[in-house]
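Residues in the sequence shown are numbered consecutively from 6, following the numbering used here.
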Amino acid sequence: MKTSLFYLPSVGSRAEIEQGKAGLRRDLYGQMLHEVAEQAKLADALGYDSISFTEHHFHVEGFELSNNPIMLDLFIGMQTKRLRVGQLGVVLPANNPIRVAEDIAMLDHMTGGRANVGFARGYQRRWVDIMAQQTHGIHGAQPHQHDEIDAANRAAFEECYRIIKRAWTEETLTYDGRYWRVPPGDTPWNIEA
Numbered sequence: 006m007k008t009s010l011f012y013l014p015s016v017g018s019r020a021e022i023e024q025g026k027a028g029l030r031r032d033l034y035g036q037m038l039h040e041v042a043e044q045a046k047l048a049d050a051l052g053y054d055s056i057s058f059t060e061h062h063f064h065v066e067g068f069e070l071s072n073n074p075i076m077l078d079l080f081i082g083m084q085t086k087r088l089r090v091g092q093l094g095v096v097l098p099a100n101n102p103i104r105v106a107e108d109i110a111m112l113d114h115m116t117g118g119r120a121n122v123g124f125a126r127g128y129q130r131r132w133v134d135i136m137a138q139q140t141h142g143i144h145g146a147q148p149h150q151h152d153e154i155d156a157a158n159r160a161a162f163e164e165c166y167r168i169i170k171r172a173w174t175e176e177t178l179t180y181d182g183r184y185w186r187v188p189p190g191d192t193p194w195n196i197e198a
């Protein structure tokens, strides 16, 4: 059996969070990074299989301070020996799929092949609506929501997933979809000698 850890990093005590905006305090963020690193090193020594982080933005209250799970993965991967690192997950409708494919491939190289991959659709409108503006106004979709918002979010997720999978499995990539075109039309592709 494999045992993994899933983190939604937060900062501060309950009292500090109730005072407001604990997520903006550098000292608390640094303390959280130190504590997560120490826990990951212990998990590595005890034989746990992996650790994963979620993606959430704009939680100034101090809850869920994991706006870039791939960066947290690298931070932990550089301090552990065998523990796999991953995301649960990168919110695809709010990200550029080519950037995600590149970043996770780099993470895998930098950690010696210890990267896991996890993707999500995104449900918190407070940040998905902002971060996903580039994908034609995709919004966060609530669980059990079955409407136009849900359909567009799902379509963007599936398109991003297809692009990422192709980026990892094909030597060159062209794609013409509803939300993404790789490369965009009329893009000069000159290679100077």
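Ideal Cβ positions, reconstructed from N, Cα and C, are used throughout, including at glycine.
Between which residues of its own chain and A160 is the CB-CB distance below 8 Å, once the five residues before and five after are set aside? Taking the first residue of the sequence shown as position 1, residue 160 is located at position 155. Closer than 8 Å at the Cβ level, and outside the excluded window around A160, lie R183 and Y184.
Drop a sphere of 10 angstroms on the beta-carbon of L13, count the other beta-carbons inside from all chains shown, and report buried for 16 or more, exposed for fewer. Here residue 13 refers to the residue found at position 8 when the sequence shown is read from its first residue. So L13 counts as exposed.
Return the Cβ separation of I154 and H144 in integer angstroms, given the expectation that the two are a contact with Cβ distance under 8 Å. Walking along the sequence shown from the start, residue 154 turns up at place 149. Walking along the sequence shown from the start, residue 144 turns up at place 139. So it is a contact: roughly 5 Å between Cβ atoms.
Checking 8 Å against the spacing of the C-beta atoms, do D54 and S9 come in under that value? In the sequence shown, the residue the question calls residue 54 occupies position 49. In the sequence shown, the residue the question calls residue 9 occupies position 4. A contact, by the Cβ cut-off of 8 Å.
Could you say which of S71, L51, A50 and A20 lies nearest to G35 if we only look at CA atoms? To locate residue 35, count along the sequence shown from 1; it is residue 30. Ranking the options by Cα distance to G35, first place goes to S71.
Straight-line CA distance for R104 to G25? Within the sequence shown, residue 104 is the residue found at index 99, counting from 1. Within the sequence shown, residue 25 is the residue found at index 20, counting from 1. Going from the Cα of R104 to the Cα of G25 covers about 33 Å.
Between the region 85–97 and the region 43–54, do at least 3 Cβ pairs fall closer than 8 Å? With the rule of 3 Cβ pairs closer than 8 Å, the region 85–97 counts as touching the region 43–54.
From the DSSP output, in three-state form, read off V95 for me. Here residue 95 is taken as the residue at index 90 of the sequence shown, counted from 1. In this structure, V95 counts as strand in the three-state DSSP scheme.
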